[in-house]
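Student: Sequential numbering of the sequence shown, starting at 10, is according to our numbering. Where a beta carbon is used, it is the ideal one built from N, C-alpha and C, also for glycine. Just passing along the structure, written as C-alpha cells.
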Amino acid sequence: MRPQPDDYPDHIENALKALVEGGLEAGANALAPIAYPPRQLRRDRRVDRAMMVKIFKRDHFLCRYCGGKTILTPLMELLGVLYPEVFPFQSAGWKAGVTHPAVISRSPAVDHVIPVVYGGANSEENLVTACSPCNTIKSDFSLEMLGWELRSVEESDWDGLTRFYPRLWDLAGRPKPRYHQGWMKNLGDENN
10 MRPQPDDYPD HIENALKALV EGGLEAGANA LAPIAYPPRQ LRRDRRVDRA MMVKIFKRDH
70 FLCRYCGGKT ILTPLMELLG VLYPEVFPFQ SAGWKAGVTH PAVISRSPAV DHVIPVVYGG
130 ANSEENLVTA CSPCNTIKSD FSLEMLGWEL RSVEESDWDG LTRFYPRLWD LAGRPKPRYH
190 QGWMKNLGDE NN
C-alpha cells in the first residue's frame, strides 16, 4: 500500500524554477496552488484508553484498512517480560533490533478516518482500529488520497488475545500494576 501519486514534485519544481528565474514573489505565486498554512491542532487529538478499548472491541481487533489481526500491545510487553531473549520488547519507541517485529507489525492503534488536521473528531464514527503499519502509512492522509477503502466491521471471535491477559500478567509476576490493571478494567476483566 502506497499513497496515490500527487502533484507535489511538479508544483515544487515549478516553484523553484519560478523562484530562480523570477524572484521571491514568482516563487510564492507558483506555490499558491499547494499552500498549506500552519494550523493549531485541537488538543483532543489523543484518544483515552477506555475509548481505545471500545473501538478495538467493536472492530474485533481487526485492522479496518487491511483486515489484519492485531494483538493488544500490553500482552506482547508481558511476553517480553517472560521471554526477553526470544521476544524482546522495548516500550520506548519500539527500537529496531531490540523489539520483536510482531510488536511493530501487529500492535493496534486507533486511527482517525478523517484526520484531525482536516477537522476529524474523536467520535466513534471517525475512529477505527488500525494495525501499526497501516496507521503509519495512513498518517494524516485521507482515504481518498491513499486510494483506500474502509472495511466494514466483520463478525469475528478474534479478541486481540485479551482472553489470556489476566493469566499472562500473573505468570509475568504482575509488573506495572496500575498500567495493566487499567487495561484489564477497560477490557472488562474485573478478576485482576
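#1: I'd like to confirm the pairing. Which residues does DSSP put opposite Leu88 in its beta bridges?
#2: Using a Cβ distance threshold of 8 Å, determine whether the segment 59-66 contacts the segment 146-166, with at least three qualifying pairs required.
#3: Would you mind sorting Asp15 into buried or exposed? The rule is 16 or more other CB atoms within 10 Å of its CB.
#4: Compare the beta carbon distance of Gly191 and Arg58 with 8 Å and say whether it is the shorter of the two.
#5: For a test of the three-state rule: what should DSSP assign to Thr138, helix, strand or coil?
#6: Measure the alpha-carbon distance for Ile43 versus Gly102 and round it to whole angstroms.
#7: Please report the residue range of the alpha helix (DSSP H) in which Pro18 lies.
#8: Can you give the Cα-Cα distance for Arg115 and Ile80, rounded to whole angstroms?
#9: Between which two residues does the beta strand (DSSP E) holding Ala181 run?
#10: Is the beta carbon of Asp166 sitting closer than 8 Å to the one on Phe70?
#11: Kindly give me the distance between the Cβ atoms of Ala181 and Leu40, rounded to whole angstroms, as I take these residues to be in contact under 8 Å.
#12: What residue ranges within the segment 100-172 form continuous beta strand (DSSP E) runs of no fewer than 3 residues, ordered along the chain?
#13: With distances taken between CB atoms, is the gap from Leu84 to Phe173 smaller than 8 Å?
#14: Is Val112 buried or exposed, if buried means 16 or more other CB atoms sit within 10 Å of its CB?
#15: Buried or exposed, going by whether 16 or more other CB atoms sit within 10 Å of the CB of Thr145?
#16: If distances are taken between C-alpha atoms only, which option among Arg187, Gly129 and Val122 comes closest to Cys72?
Tutor: The structure says:
#1: Beta-bridge pairing links Leu88 to no other residue.
#2: Verdict: no, contact absent.
#3: The residue is exposed, with fewer than 16 neighbouring Cβ atoms inside 10 Å.
#4: Yes, these two residues count as a Cβ contact at 8 Å.
#5: Assignment of Thr138 by DSSP, reduced to helix, strand and coil, places it in the strand class.
#6: In a straight line, the C-alpha of Ile43 is about 32 Å away from that of Gly102.
#7: Per DSSP, Pro18 belongs to the alpha helix (DSSP H) from Tyr17 to Gly31.
#8: Taken atom to atom, the span from the alpha-carbon of Arg115 to that of Ile80 is near 6 Å.
#9: That residue, Ala181, is in no beta strand (DSSP E); it is neither H nor E in DSSP.
#10: No, Cβ-Cβ distance for Asp166 and Phe70 is not below 8 Å.
#11: Here Ala181 is actually not in contact with Leu40; their C-beta atoms are around 54 Å apart, not less than 8 Å.
#12: Whole beta strand (DSSP E) segments, 3+ residues: 117-121 and 136-140.
#13: In contact: Leu84 and Phe173 (Cβ atoms closer than 8 Å).
#14: Within 10 angstroms of the beta-carbon of Val112 lie 16 or more other beta-carbons, which makes it buried.
#15: Exposed: under 16 other Cβ atoms inside 10 Å.
#16: Looking at Arg187, Gly129 and Val122, the one whose alpha-carbon comes closest to that of Cys72 is Val122.
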